[in-house]
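First comes the structure, then the notes that go with it.
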Amino acid sequence: MGELLGVRDVTIAYPTEHGTFTAVEGVSFAVAEGEKFVLLGPSGCGKSTLLKAVAGFMPIAAGAMELEGRRIARPGPDRVVVFQEFDQLLPWKTVLANVVYPLRVARGLPAPRARETAERFLAMVGLDRFAASYPHQLSGGMKQRVAIARSLALDPRMLLMDEPFASLDALTRRKMQEELLAIWEATRKTLLFVTHSIDEAVLLGDRILVLSPGPGRVRRILDNPAAGARGTEAALAVQREVQTVLGQ
Amino acid sequence: MTRAATRTALRKAAILAALLAAWEAWTRLGEVSPLLFPPASTVLAAFGRSLANGEVPGYAAQSLQVLLTGMALGSALALVLTTLAVSTRLGAEFLETLTSMFNPLPAIALMPLSLLWFGLGVQSLIFVIVHSVLWPMSLNTYTGFVTVPPTLRRVGQNFGLSGWRLVQGILLPAAFPYILSGLKIGWAFAWRTIIAAEMVFGVAGSQGGLGWFIYQNRFEMNTDLVFAGLLTVILIGLLVENLIFRWIERRTVQRWGMSAGH
Numbered sequence: 020m021g022e023l024l025g026v027r028d029v030t031i032a033y034p035t036e037h038g039t040f041t042a043v044e045g046v047s048f049a050v051a052e053g054e055k056f057v058l059l060g061p062s063g064c065g066k067s068t069l070l071k072a073v074a075g076f077m078p079i080a081a082g083a084m085e086l087e088g089r090r091i092a093r094p095g096p097d098r099v100v101v102f103q104e105f106d107q108l109l110p111w112k113t114v115l116a117n118v119v120y121p122l123r124v125a126r127g128l129p130a131p132r133a134r135e136t137a138e139r140f141l142a143m144v145g146l147d148r149f150a151a152s153y154p155h156q157l158s159g160g161m162k163q164r165v166a167i168a169r170s171l172a173l174d175p176r177m178l179l180m181d182e183p184f185a186s187l188d189a190l191t192r193r194k195m196q197e198e199l200l201a202i203w204e205a206t207r208k209t210l211l212f213v214t215h216s217i218d219e220a221v222l223l224g225d226r227i228l229v230l231s232p233g234p235g236r237v238r239r240i241l242d243n244p245a246a247g248a249r250g251t252e253a254a255l256a257v258q259r260e261v262q263t264v265l266g267q
Numbered sequence: 015m016t017r018a019a020t021r022t023a024l025r026k027a028a029i030l031a032a033l034l035a036a037w038e039a040w041t042r043l044g045e046v047s048p049l050l051f052p053p054a055s056t057v058l059a060a061f062g063r064s065l066a067n068g069e070v071p072g073y074a075a076q077s078l079q080v081l082l083t084g085m086a087l088g089s090a091l092a093l094v095l096t097t098l099a100v101s102t103r104l105g106a107e108f109l110e111t112l113t114s115m116f117n118p119l120p121a122i123a124l125m126p127l128s129l130l131w132f133g134l135g136v137q138s139l140i141f142v143i144v145h146s147v148l149w150p151m152s153l154n155t156y157t158g159f160v161t162v163p164p165t166l167r168r169v170g171q172n173f174g175l176s177g178w179r180l181v182q183g184i185l186l187p188a189a190f191p192y193i194l195s196g197l198k199i200g201w202a203f204a205w206r207t208i209i210a211a212e213m214v215f216g217v218a219g220s221q222g223g224l225g226w227f228i229y230q231n232r233f234e235m236n237t238d239l240v241f242a243g244l245l246t247v248i249l250i251g252l253l254v255e256n257l258i259f260r261w262i263e264r265r266t267v268q269r270w271g272m273s274a275g276h
């Protein structure tokens with residue numbers, strides 16, 4: 020497994036009304052091909068900011084950020100983001116058209132192939148029956164599933180997920196986490212996942228980077244042998260370890 | 015239609031019928047001079063005649079053609095201005111200054127200047143129509159652009175879209191509810207402006223659309239045709255607002271579950 024994403028000594032700062040705000044300072048980590056990598060930390064630790072920088076939405080002030088050895092300069096379909104917000108779907112397009120559209124504009128697929136690909140990925144998230152619906156007719160969980168299908172259909176090098184389940188109710192969230200694990204088993208897509216939930220981090224992450232706030236710094240990067248299972252002894256042990264690291 | 019809506023419609027029809035009856039009774043019983051205020055039946059007959067002989071439809075088509083040309087030009091200009099305004103700070107300040115200056119100015123007030131610059135012709139009319147459409151359209155489109163959720167903008171960038179492709183693929187459709195309400199306001203301004211502006215042509219003795227038709231018939235004391243012209247102005251206004259714009263809304267904003275903040 021080679022290194023896919025390299026983040027070296029990255030500092031992110033941006034201007035605010037009260038002067039320059041340093042969100043993240045001196046952060047280094049590497050994500051390997053096919054790995055599920057979680058950024059975990061309390062709110063305000065800069066984890067979302069880091070993900071936005073990887074996505075290319077935000078410039079870095081210092082350090083280096085590379086995907087397959089190439090500097091990340093702008094957003095692109097090789098790093099597709101699933102956002103927390105439900106309004107990430109285009110409301111004027113049907114569910115199917117939402118998945119087809121990026122395949123046409125970002126991948127340049129001809130219409131029949133784009134449609135066929137979109138249908139396949141919608142079936143994968145169990146929404147093929149809702150292809151003709153409009154986003155406002157879907158529940159929050161369904162919207163997030165469409166967003167995941169849309170991202171995966173683009174076949175990015177990396178999937179970036181910014182607290183995608185944080186706005187869902189607890190039951191739907193659990194279900195979505197399990198579906199994401201199943202999808203990952205099927206696709207082995209490299210995942211960078213941002214969350215503030217210890218449970219979620221331990222369930223999903225092969226490795227967990229714990230950030231400390233103000234400005235965000237790496238507290239520790241933990242290996243997580245318990246990934247993929249809920250409530251096991253191993254998972255509880257890792258959760259306790261994360262808690263200890265966070266409490267330091 | 016729901017039962018409440020049907021009842022409202024029935025009540026409104028009854029109000030209209032009562033008004034017409036009162037009008038008819040007052041003009042006939044009160045022996046009002048038909049040169050000043052012809053009875054409702056005479057007006058309706060004149061309206062039917064001028065519809066049948068193609069006079070009113072012809073003038074209405076003329077007005078609408080000029081209006082649509084002006085609206086198309088005004089909307090295109092609004093799009094250019096707002097694209098500039100969302101891409102540069104100077105563009106935004108430029109647009110804000112222009113709209114705050116010109117929005118309070120009634121378009122018809124520019125008619126004398128317009129006649130001076132473009133002469134007695136269609137260009138003069140188009141100029142004032144453009145003016146009446148441009149500012150409300152720009153204001154609404156700009157509001158639409160700046161209220162596009164940042165997430166949607168990022169989604170577009172994530173697909174590799176930038177510049178005009180981002181505007182056309184994401185910003186325009188996302189701002190569509192605002193653009194549509196801009197079009198509605200623009201239409202309302204433009205329709206009132208064109209009728210008024212054509213009267214100036216009446217003054218100048220040249221040819222024009224419905225406004226001119228009304229003015230000319232007043233000149234010839236065909237008061238029933240003046241009323242018929244006014245009726246046409248009302249009917250077209252209602253038709254466009256309640257049928258055409260409602261139809262567009264049902265097929266777009268409503269179907270998409272999007273609505274502008276006003």
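Chains as they are written, first to last, in the numbering used here: chain A, 20 to 267; chain B, 15 to 276.
Positions of the beta carbon are idealized from the N, C-alpha and C atoms, including for glycine.
Computed from a prediction, not measured in an experiment: that's the story for all the values here.
Identity of the residues DSSP links to residue i by a beta bridge
{"i": "residue 242 (chain B)", "result": "None, per the DSSP bridge assignment."}
{"i": "residue 7 (chain A)", "result": "Residue numbering for chain A in the displayed model covers 20 to 267; residue 7 (chain A) lies beyond these limits and cannot be assessed."}
{"i": "residue 237 (chain A)", "result": "A:230"}
{"i": "residue 51 (chain A)", "result": "A:22"}
{"i": "residue 98 (chain A)", "result": "A:177"}
{"i": "residue 40 (chain A)", "result": "A:33"}
{"i": "residue 214 (chain A)", "result": "A:59"}
{"i": "residue 157 (chain B)", "result": "DSSP output for residue 157 (chain B) lists no bridge partner at all."}
{"i": "residue 90 (chain A)", "result": "A:85"}
{"i": "residue 242 (chain A)", "result": "A:226"}
{"i": "residue 209 (chain A)", "result": "A:177"}
Distance between beta carbons of residue j and residue i, contact taken as under 8 Å
{"i": "residue 122 (chain A)", "j": "residue 115 (chain A)", "result": "In fact, because the Cβ distance is near 11 Å, the residues do not count as touching under 8 Å."}
{"i": "residue 275 (chain A)", "j": "residue 248 (chain A)", "result": "Chain A is shown from 20 up to 267; residue 275 (chain A) falls before or after that span and cannot be answered."}
{"i": "residue 41 (chain A)", "j": "residue 234 (chain A)", "result": "4 Å"}
{"i": "residue 109 (chain A)", "j": "residue 120 (chain A)", "result": "7 Å"}
{"i": "residue 292 (chain B)", "j": "residue 129 (chain B)", "result": "There is no way to answer for residue 292 (chain B), as the model of chain B reaches only from 15 to 276."}
{"i": "residue 75 (chain A)", "j": "residue 93 (chain A)", "result": "5 Å"}
{"i": "residue 173 (chain B)", "j": "residue 175 (chain A)", "result": "Rounded, the Cβ-Cβ distance is 11 Å, inconsistent with contact."}
{"i": "residue 48 (chain B)", "j": "residue 38 (chain B)", "result": "The pair is not a contact, with the Cβ atoms about 12 Å apart (cut-off 8 Å)."}
{"i": "residue 187 (chain B)", "j": "residue 203 (chain A)", "result": "That belief does not hold up - the Cβ atoms of residue 187 (chain B) and residue 203 (chain A) are roughly 32 Å apart, past 8 Å."}
{"i": "residue 215 (chain A)", "j": "residue 61 (chain A)", "result": "6 Å"}
{"i": "residue 258 (chain A)", "j": "residue 217 (chain A)", "result": "6 Å"}
Contacts that residue i makes with chain B (C-beta to C-beta distance below 9 Å)
{"i": "residue 107 (chain A)", "result": "163, 165, 166, 168, 169"}
Neighbour list for residue i in chain B, Cβ cutoff strictly below 7 Å
{"i": "residue 153 (chain A)", "result": "269, 270, 271"}
{"i": "residue 121 (chain A)", "result": "173"}
Residues that residue i contacts on chain A, provided the C-beta gap is smaller than 7 Å
{"i": "residue 175 (chain B)", "result": "124"}
{"i": "residue 154 (chain B)", "result": "Simply none; closest approach about 17 Å."}
{"i": "residue 183 (chain B)", "result": "124"}
Which listed residue (the options) has its alpha carbon closest to that of residue i
{"i": "residue 185 (chain A)", "options": "A:178, A:212, A:165", "result": "A:212"}
{"i": "residue 355 (chain A)", "options": "A:244, A:258, A:264", "result": "An answer regarding residue 355 (chain A) cannot be provided, because it is not within the stretch 20 to 267 covered by chain A."}
{"i": "residue 226 (chain A)", "options": "A:168, A:59, A:192, A:124", "result": "A:59"}
{"i": "residue 98 (chain A)", "options": "A:125, A:132, A:258", "result": "A:125"}
{"i": "residue 185 (chain B)", "options": "B:155, B:232, B:80, B:214", "result": "B:155"}
{"i": "residue 21 (chain A)", "options": "A:37, A:181, A:221, A:51", "result": "A:51"}
{"i": "residue 108 (chain B)", "options": "B:252, B:159, B:45, B:152", "result": "B:152"}
{"i": "residue 250 (chain B)", "options": "B:74, B:198, B:67", "result": "B:74"}
{"i": "residue 188 (chain A)", "options": "A:200, A:169, A:159", "result": "A:159"}
{"i": "residue 87 (chain B)", "options": "B:103, B:131, B:104, B:143", "result": "B:143"}
{"i": "residue 207 (chain B)", "options": "B:106, B:70, B:84", "result": "B:84"}
Partner residues on chain A for residue i, Cβ-Cβ distance less than 9 Å
{"i": "residue 187 (chain B)", "result": "109, 110, 111, 112"}
{"i": "residue 281 (chain B)", "result": "Residue coverage of chain B in this structure runs from 15 to 276, which leaves residue 281 (chain B) outside it and unanswerable."}
Cross-chain neighbours of residue i in chain B, by beta carbon under 8 Å
{"i": "residue 104 (chain A)", "result": "163, 165"}
{"i": "residue 99 (chain A)", "result": "172"}
Positions along the stretch 71-95 of chain A whose CB lies within less than 9 Å of some CB in chain B: 71, 74, 75, 76, 93, 94, 95
May I ask you to list, following chain order, the residues of the stretch 190-201 of chain B that have a beta carbon less than 8 Å from some beta carbon of chain A? 190
Given a limit of 8 Å on CB to CB distance, which residues of the stretch 133-166 of chain A reach chain B? 153, 154, 155, 156
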